[in-house]
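Participant: In terms of the numbering used here, the sequence shown is residues -9 to 139. Backbone N, C-alpha and C define an ideal beta-carbon position, used for all residues, glycine too. Fair warning: this is a prediction, and the values are worked out from it, not measured in the lab. Structure incoming, see below.
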Amino acid sequence: MFRGIDENKMSSHDQKARVFFYPGATAKNILHKLKQDNRFLEINPCSIKRIILLCGTNNVDQILGIQRNNYSNLIAGYSGSNKLLEEAKMDINNLIEYLHNHAQLCSINVVNILPRESLCRNLVINELNQFIFYLSQNFTYVNTKHDWH
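Pasting the structure below:
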């Protein structure tokens, strides 16, 4: 969905947009890749005006222990809380904290994890989105849809 984002179309005469896209990366992988991405590291943190972050979607299947192409609504063994879910929350928090500390003058917008066609995946997505929402003291939570209320 976001693979085709064009930096040039997002840029203006005064502002240059940068897109950092790491296919299949979990929040922990994104953090690791950003810390090693020369394109990211070469940007003066004081020149960053806004960060729009989409993360966590690739953590969902990892939490459930299923393949990405498994579209079953019935996934045995998910109890609503597990070690991988807690690790994903910590990884998302670490990524957001890193970005906040790296570019302290910019605004950070974190987009909620988009819903899927699988009920079980949506249970995990809702839990992660609720966690991200309650973290949102230092950033703006961009909510496209939520069902956890």
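Rounded to whole angstroms, what's the CA-CA distance from ASN116 to GLY46? Just pull it up for me.
Facilitator: Roughly 11 Å between the two C-alpha positions.
Participant: In chain order, what residues of the same chain lie with their CB nearer than 6 Å to the CB of LYS25, ignoring the 5 residues before and after it?
Facilitator: Contacts found: none.
Participant: For ILE131, which of helix, strand or coil comes out of DSSP?
Facilitator: The residue asked about is misnamed: residue 131 is Tyr in this sequence, not Ile. In this structure, TYR131 counts as strand in the three-state DSSP scheme.
Participant: Report yes if the CB atom of LEU44 is closer than 7 Å to the CB atom of TYR88, and no otherwise.
Facilitator: Going by C-beta atoms, LEU44 is not nearer than 7 Å to TYR88.
Participant: Where does the unbroken alpha helix (DSSP H) through ILE20 begin, and where does it stop?
Facilitator: Taken as a continuous stretch (DSSP letters only), the alpha helix (DSSP H) holding ILE20 covers 17 to 26.
Participant: Is the beta carbon of VAL101 sitting closer than 7 Å to the one on VAL50?
Facilitator: The answer is no: Cβ separation not under 7 Å.
Participant: Any idea which residues DSSP pairs ASN99 with across the strands?
Facilitator: Looking at the DSSP assignment, ASN99 forms a beta bridge with ILE42, THR130.
Participant: Decide if THR16 is buried, meaning its Cβ has at least 16 other Cβ atoms within 10 Å, or exposed.
Facilitator: Buried, by the Cβ-count rule.
Participant: In the structure shown, what three-state DSSP assignment does HIS92 receive?
Facilitator: If DSSP states are grouped into helix, strand and coil, HIS92 belongs with the helices.
Participant: How many Å lie between ASN99 and ILE53 at the Cα?
Facilitator: For ASN99 and ILE53, the distance between alpha carbons rounds to 24 Å.
Participant: If you follow the alpha helix (DSSP H) that LYS(-1) is part of, which residue opens it and which one closes it?
Facilitator: Segment -3 to 0, the alpha helix (DSSP H) holding LYS(-1).
Participant: Give me the residue from GLN94, GLN120, LEU104 with the minimum Cα distance to SER37.
Facilitator: Measuring from the Cα of SER37, the nearest candidate turns out to be GLN94.
Participant: Evaluate ARG111 with the Cβ neighbour count: other Cβ atoms within 10 Å of its Cβ, from every protein chain shown; 16 or more gives buried, anything less gives exposed.
Facilitator: By the neighbour-count rule (16 or more Cβ atoms within 10 Å), ARG111 is buried.
Participant: Taking the alpha helix (DSSP H) that TYR124 belongs to, which residues open and close that run?
Facilitator: First-last of the alpha helix (DSSP H) with TYR124: 109 to 125.
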